[in-house]
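Undergrad:
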Amino acid sequence: MELLLILKNEALKLVKKTRAWLGPILIFILIMVAFPLTVELTSNNLSDAFYPVLFISILLVMMLATEDIFLEDYEDGTLELFFISEKSLSQWVFLKIFMHWLFIGVPISLLGAFFNIGANNDLASSLMLFPALLIATYIFLILFCFGNSLSLTKGSVLGTLITLPLTLPILVVLGKLNTAIIFNISYFEFLILLFGILSIIIFAFPAIISRIIKTHLE
Amino acid sequence: MENSYLIEADNLAYKINEVKLFTNFSFSLKAGEALHIQGSNGSGKSTLIRILCGITPPSKGKVSKKNGLAFSYLGHKNALKTYLSVRDNISLLGLSQHESLKPFLLSLDLSEKLDVIVANLSFGQQKKVALLRIFLTSADLILLDEPFVGLDSTSHDLLCKFLEKKLNTGAGLVYTSHIPTGISSKNIVLD
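Residue numbers (our numbering), protein chains in the order written: chain A, 1459 to 1676; chain B, 131 to 321.
#1: So, at 8 Å on beta carbons, what are the nonlocal neighbours of residue 222 of chain B in its own chain, with the 5 sequence-adjacent residues on each side left out?
#2: Would you call residue 1647 of chain A buried or exposed, if buried means 16 or more other Cβ atoms sit within 10 Å of its Cβ?
#3: Give me the Cα-Cα distance between residue 1462 of chain A and residue 141 of chain B, rounded to the nearest whole angstrom.
#4: Tell me whether residue 1641 of chain A is buried or exposed, calling it buried when 16 or more other Cβ atoms sit within 10 Å of its Cβ.
#5: Decide yes or no for the touch test of the region 1562-1569 of chain A against the region 1486-1496 of chain A: beta carbon pairs closer than 8 Å, at least 3 of them.
#6: Do residue 277 of chain B and residue 261 of chain B have their C-beta atoms within less than 9 Å of each other?
#7: Taking 8 Å as the cut-off, does the region 293-312 of chain B touch the region 175-184 of chain B (at least 3 CB pairs, one atom from each stretch)?
#8: Under a three-way DSSP split, which group does residue 131 of chain B fall into?
#9: For the beta strand (DSSP E) that contains residue 153 of chain B, what are its first and last residues?
#10: Do you know how far the Cα of residue 138 of chain B is from the Cα of residue 241 of chain B?
#11: Provide the residue(s) that pair with residue 166 of chain B in DSSP beta bridges, ordered along the chain.
#12: In three-state DSSP terms, what is residue 269 of chain B?
#13: Buried or exposed for residue 216 of chain B, please, with buried defined as at least 16 other CB atoms from any protein chain shown within 10 angstroms of its CB.
#14: Determine the chain B residues that contact residue 1535 of chain A at a beta-carbon separation under 7 Å, and present them in chain order.
#15: Where residue 132 of chain B and residue 298 of chain B are concerned, what is the direct C-alpha to C-alpha distance, given to the nearest angstrom?
#16: Start and end of the alpha helix (DSSP H) containing residue 1509 of chain A?
#17: Just checking: is the beta-carbon of residue 131 of chain B within a distance shorter than 9 Å of some beta-carbon in chain A?
#18: Name the two residues that bound the continuous alpha helix (DSSP H) containing residue 1554 of chain A.
#19: Kindly give me the distance between the Cβ atoms of residue 219 of chain B and residue 259 of chain B, rounded to whole angstroms, as I take these residues to be in contact under 8 Å.
#20: Kindly indicate the opening and closing residues of the beta strand (DSSP E) around residue 191 of chain B.
#21: If the cut is a Cβ gap below 7 Å, which residues of chain B does residue 1542 of chain A touch?
#22: Taking Cβ-Cβ distances shorter than 8 Å, what residues in chain A pair up with residue 213 of chain B?
#23: Kindly say whether residue 162 of chain B, judged by its beta-carbon, lies nearer than 9 Å to any beta-carbon of chain A.
#24: If you check the beta carbons only, do residue 165 of chain B and residue 316 of chain B fall under 9 Å apart?
#25: Please confirm if the region 1537-1553 of chain A is in contact with the region 1654-1673 of chain A, defined as three or more CB-CB distances below 8 Å between the two stretches.
See the structure below:
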């Protein structure tokens, strides 16, 4: 019941604060639409460049999406109330990240798979790409939330800079997964690897983030 | 700690960057009692309230609360979402279904403002919305940091009467205020 209430409240906040989720999605669409326009029409390399552009734009958009994810609740006193209510702060962090993923990560994964059809004219590779994007967006979201919690009162840029190296291994795995899709070899190993990373950080990082937020509150 | 005490502070001290805000601060509060913390700006009143809530750890000393004590806190930050309507904020606070909500909305002159975005309300009106959380609380201890700032005389009187009533029913109250409130309280002054 408590979990549902938190989810409902976070959903209400996001629904009413459209720019928090629609902004990143629109920027993602803008990048993906603008990218082919910058490539020579005669070029045959559009599909080759598609995946790197897709992954980097997802990385950037998830970074933008988490810019003030905790700041608002910190500044208006919501976090203080949550802290003294003896409810689990890490549970709240987990559910807040989850709700952001539902509003931003899932649509971007769907759009990414959709743009893949346009770039490669291949539905099968889009179906393979979609679960990888779902997992990758969640991982990026958690990592950037971690960075933002570190620099909660110092501006989000510092936190993002600290977090960026953590995203590099994920980009490497996504690159390998991309190669597997292109050459039609088994990509499940990479998908399982991404899922393995997610299954660890999905629970560990909210606990770490909540500890960092508590320190800021004190 | 004796069972009759709701909250007890023992030898509290707090310092920021080696500058002492207050030292050797002790008090105990029984059911039905109020404590009025006074002091100049920067004397540590808000920090003391935050320490009593358990948000900020003291540099020295300890705070003991009665087992299972439920407390309600309103600080300088009012925990309102300025981009949401008053109705949505009440919903976020989990007060939508409270049986006493309507009478308080009427008393605070907020019943016509339910669909107004909080950012479009005045400071005093925002304070009234935040105070709904206190008016509808069933907590045994109420901790308030400058609760009267921004309130008109009607709302000021309503809050005083409400707090007196809560004290008569056995709740405890700790609050900071620069202005006389009329609530019979123990007074502590932080230099």
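Idealized CB from N, CA, C, for every residue including glycine.
TA: Considering the structure as presented:
#1: The residue labelled residue 222 of chain B in the question sits at position 92 within the second sequence. Here the set comprises 211, 214.
#2: Within the first sequence, residue 1647 of chain A is the residue found at index 189, counting from 1. With fewer than 16 Cβ atoms within 10 Å of its Cβ, residue 1647 of chain A is classed as exposed.
#3: Taking the first residue of the first sequence as 1, we reach residue 1462 of chain A at position 4. Taking the first residue of the second sequence as 1, we reach residue 141 of chain B at position 11. Taking the straight line joining both Cα atoms gives about 42 Å.
#4: Sequence index remark: in the first sequence, residue 1641 of chain A carries index 183 (1-based). Exposed, because fewer than 16 other Cβ atoms sit within 10 Å of the Cβ of residue 1641 of chain A.
#5: yes
#6: Translated into positions along the second sequence, residue 277 of chain B becomes position 147. Translated into positions along the second sequence, residue 261 of chain B becomes position 131. Taking 9 Å as the Cβ cut-off, residue 277 of chain B and residue 261 of chain B qualify as a contacting pair.
#7: yes
#8: Reading the second sequence from its first residue, position 1 is the one you call residue 131 of chain B. Since pLDDT at residue 131 of chain B reaches only 46, below the 50 mark, its modelled position is unreliable, and no value is offered.
#9: As a working mapping, residue 153 of chain B is identified with position 23 in the second sequence. Run containing residue 153 of chain B: 149-160, per the beta strand (DSSP E) assignment.
#10: Indexing the second sequence from 1 puts residue 241 of chain B at position 111. Indexing the second sequence from 1 puts residue 138 of chain B at position 8. Those two C-alpha atoms are separated by around 39 Å.
#11: Locating residue 166 of chain B in the second sequence gives position 36, where the first residue counts as 1. In the DSSP output, where bridge partners are listed per residue, residue 166 of chain B has B/305, B/317.
#12: Taking the second sequence and counting its residues from 1, the one referred to as residue 269 of chain B is at position 139. It is coil, neither helix nor strand.
#13: Here residue 216 of chain B corresponds to residue number 86 of the second sequence, with the count starting at 1. Under this definition residue 216 of chain B is a buried residue.
#14: Here residue 1535 of chain A refers to the residue found at position 77 when the first sequence is read from its first residue. Simply 205, 207, 208, 209.
#15: Along the second sequence, read from residue 1 onward, the residue named residue 132 of chain B stands at position 2. Along the second sequence, read from residue 1 onward, the residue named residue 298 of chain B stands at position 168. Below a pLDDT of 50, predicted positions are generally treated as unreliable, and residue 132 of chain B, at 47, falls in that range; the measurement from the model is reported next regardless. Each residue's alpha carbon lies about 21 Å from the other.
#16: Working through the first sequence from its first residue, we reach residue 1509 of chain A at position 51. It spans 1504-1523 - the alpha helix (DSSP H) in which residue 1509 of chain A sits, taken as one unbroken run.
#17: What you label residue 131 of chain B is simply residue 1 of the second sequence in a count that begins at 1. Confidence in residue 131 of chain B is poor, its pLDDT being 46 and thus under 50, which makes the residue's placement unreliable; the coordinate value appears in the next sentence. It does not; no Cβ of chain A falls within 9 Å.
#18: The residue labelled residue 1554 of chain A in the question sits at position 96 within the first sequence. Per DSSP, residue 1554 of chain A belongs to the alpha helix (DSSP H) from 1547-1558.
#19: For the purposes of this step, residue 219 of chain B is taken as the residue at position 89 of the second sequence. For the purposes of this step, residue 259 of chain B is taken as the residue at position 129 of the second sequence. That pair is a contact at about 6 Å.
#20: As a working mapping, residue 191 of chain B is identified with position 61 in the second sequence. 190-195 is the extent of the beta strand (DSSP E) around residue 191 of chain B.
#21: Indexing the first sequence from 1 puts residue 1542 of chain A at position 84. Result: 183, 184, 185, 203.
#22: Indexing the second sequence from 1 puts residue 213 of chain B at position 83. Per Cβ cutoff of 8 Å: 1474, 1475.
#23: Indexing the second sequence from 1 puts residue 162 of chain B at position 32. Output row for residue 162 of chain B: interface = no.
#24: Position 35 of the second sequence, counted from the start, is the residue given in the question as residue 165 of chain B. Position 186 of the second sequence, counted from the start, is the residue given in the question as residue 316 of chain B. In this structure, residue 316 of chain B lies closer than 9 Å to residue 165 of chain B by Cβ.
#25: yes
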